[in-house]
Ligand SMILES: Cc1cc2nc3c(=O)[nH]c(=O)nc-3n(C[C@H](O)[C@H](O)[C@H](O)COP(=O)(O)OP(=O)(O)OC[C@H]3O[C@@H](n4cnc5c(N)ncnc54)[C@H](O)[C@@H]3O)c2cc1C
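Numbering (the numbering used here), first residue to last: 4 to 416.
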């Protein structure tokens, strides 16, 4: 494995490549590496943003397999924490209060449900790895427009450079300028909630248990992180609440915010310190109505941005990436044009079902939580009570949750 600290700086933008990837977030970079390894020449545009804002991602099995397949996982050693137990605690104050439910990975014979990592660490490691991959080109410039031609497309960067390609992949985030330019409509739902995110240092160990308190404002979730040079015990916090409460809490001094977090978590982790930046993310669901356009494929948040509930977002995006790689590598093996309509149609057909299912699931979960409508509370409470009391049911739910509902792409096998 090459030394990632010696990764070279950006090279010049070539006149032509097979594929342009707009966006150097986790998905743009992972896709670029995988496609370059599959033999394509790839230009990835946009800055790799490694600013720390408390955002962490819980990588589930398929995502970890893909990171292993593209040679990135070893470089994340020491930057991830395993999620061995997922604990759900009903803290809604509902009439039908139920005991906590523990989903324990070892109960179904696995070591961990997933691994939690800071988004900034993931992007940093992907960026370094990408710059050492043959066939990969990188520029910090943004894609400002693209124009479809008879046999491909021409992309233009915001500093006036042009590059020809057969396909543009938009991995340029939820606002996706490339998706907007292609006039692909989205279905958007804004939730009356904001997620505050930060990294906590605390006195008591988390014991690799992720704890999700179900509260009326939304989930309050503590997810294990590995030790840092500064602190042994660390967790990330995703705290979903009404926007006006988020504004108030963002204005608190770090010590006062730490006290509020201790109270909200019932002192689960002992004394808490907030030293990192606090991020605020208004919750919304944005789902593109098409995943493709002429010589264009959408992936990651450009295709679907979901609220941070149930660790769905980035894992769904990794499945986009791995599926797209299969479609494009298949086209390459057959000698087909990777940007042709039949190839892109295959990608869209393979992904729509999974995306619709996850988007609906996250919506239902969130609405069940914030609803104070008695029958909804009753069903939610009864479900949790049954899970708490019946180990066989719990194991069945865990296995079902981990079983893929879709064809498994090659990079995730
Ligand atoms: C609070 C929070 C917690 C979350 N927790 C989880 C979790 O536990 N598990 C999980 O699976 N997911 C989680 N998610 C979702 C996950 O963080 C996102 O799905 C993921 O980061 C999105 O990656 P992306 O590469 O698609 O988009 P982004 O990270 O948004 O990257 C897009 C990039 O494109 C760039 N760009 C924009 N315009 C252009 C242009 N014109 N040209 C070039 N580049 C451009 C941007 O600068 C950006 O760097 C969470 C999200 C939030 C908000």
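No residue lacks a Cβ here, since even glycine has one placed at the ideal position from N, Cα and C.
Less than 7 angstroms between C-beta atoms, sequence neighbours within five positions excluded: which residues of the same chain meet that for residue 356?
409
By a C-beta neighbour count over all protein chains shown, 10 Å radius and 16 as the cutoff for buried, is residue 5 buried or exposed?
A caution first: residue 5 carries a pLDDT of 37, below 50, which makes its placement in the model unreliable, though a value can still be read off. It is exposed - the Cβ of residue 5 has fewer than 16 other Cβ atoms within 10 Å.
Measuring CB to CB, does residue 325 end up less than 8 angstroms from residue 244?
It is not a contact, given that the beta carbons lie outside the stated cut-off.
Is the number of C-beta pairs between the region 244–263 and the region 210–222 that are closer than 8 angstroms three or more?
yes
Which same chain residues, not among the five before or five after residue 347, have their C-beta less than 6 angstroms away from its C-beta?
Within the same chain, Cβ atoms closer than 6 angstroms to the Cβ of residue 347 are found at 295 and 300, the five residues on either side in sequence being excluded.
Would the beta-carbon of residue 175 be found less than 7 angstroms away from any heavy atom of ligand 1?
Short note on residue 175: C-beta closer than 7 angstroms to some heavy atom of ligand 1.
Report the rounded CA-to-CA distance for residue 242 versus residue 199, giving the unit in angstroms.
5 angstroms
Shorter than 7 angstroms, the distance from the beta carbon of residue 60 to the closest heavy atom of ligand 1, or not?
yes
Less than 6 angstroms between C-beta atoms, sequence neighbours within five positions excluded: which residues of the same chain meet that for residue 127?
If you ignore the 5 residues before and after residue 127, its C-beta comes within less than 6 angstroms of the C-beta of 53, all in its own chain and listed in chain order.
To the nearest angstrom, how far is it from the Cα of residue 63 to the Cα of residue 226?
13 angstroms
Cβ atoms of residue 298 and residue 203: under 8 angstroms apart, would you say?
At a Cβ-Cβ threshold of 8 angstroms, residue 203 and residue 298 do not count as neighbours.
Straight-line CA distance for residue 160 to residue 224?
40 angstroms
Tell me where the alpha helix (DSSP H) around residue 31 begins and ends.
29–40
Would you check whether ligand 1 has a heavy atom nearer than 7 angstroms to the C-beta of residue 73?
No, Cβ of residue 73 sits at least 7 angstroms from all heavy atoms of ligand 1.
Which residue marks the beginning of the beta strand (DSSP E) containing residue 89, and which one marks its end?
88–93
Indicate the three-state DSSP secondary structure (helix, strand or coil) for residue 288 in the structure shown.
strand
Straight-line CA distance for residue 211 to residue 65?
20 angstroms
To which residues of the same chain is residue 331 closer than 6 angstroms at the C-beta, ignoring the five residues directly before and after it?
341
Would you say residue 251 lies against chain D (beta-carbon separation less than 8 angstroms)?
Reference to chain D is not applicable here, since this structure consists of a single protein chain.
State the DSSP-derived secondary structure class of residue 105, mapped to helix, strand or coil.
strand
DSSP has residue 242 in a bridge; who is on the other side?
For residue 242, which the question treats as bridged, DSSP gives the partners 199 and 223.
When you compare only the Cα positions, how much space is there between residue 71 and residue 316?
The straight-line gap separating the alpha-carbon atoms of residue 71 and residue 316 is approximately 19 angstroms.
Just how far apart, CA to CA, sit residue 265 and residue 158?
50 angstroms
Which one of 208, 261, 252 and 260 has the shortest CA to CA distance from residue 235?
208
Taking 8 angstroms as the cut-off, decide whether the C-beta atoms of residue 39 and residue 138 are in contact.
yes
State the Cα-Cα distance for the pair residue 269 and residue 312, rounded to the nearest angstrom.
21 angstroms
Three or more C-beta pairs under 8 angstroms: does that hold for the region 183–190 against the region 276–296?
yes
Measure the CB-CB distance between residue 109 and residue 206 and report whether it falls below 8 angstroms.
Against a cut-off of 8 angstroms, the Cβ pair of residue 206 and residue 109 comes out as no contact.
For residue 25, which beta-bridge partners are listed by DSSP?
Looking at the DSSP output, residue 25 bridges to 48 and 173.
According to DSSP, simplified to helix, strand and coil, what is residue 65?
helix
Would you tell me roughly how many angstroms separate the C-alpha atoms of residue 155 and residue 350, rounded to the nearest one?
18 angstroms
What is the DSSP secondary structure of residue 302, counted as helix, strand or coil?
DSSP places residue 302 in coil when its eight states are reduced to three.
So which of 96, 94, 79 and 87 has the shortest CA-CA distance to residue 130?
79
Check each candidate in 284, 151 and 359 and name the one with the smallest Cα separation from residue 195.
284
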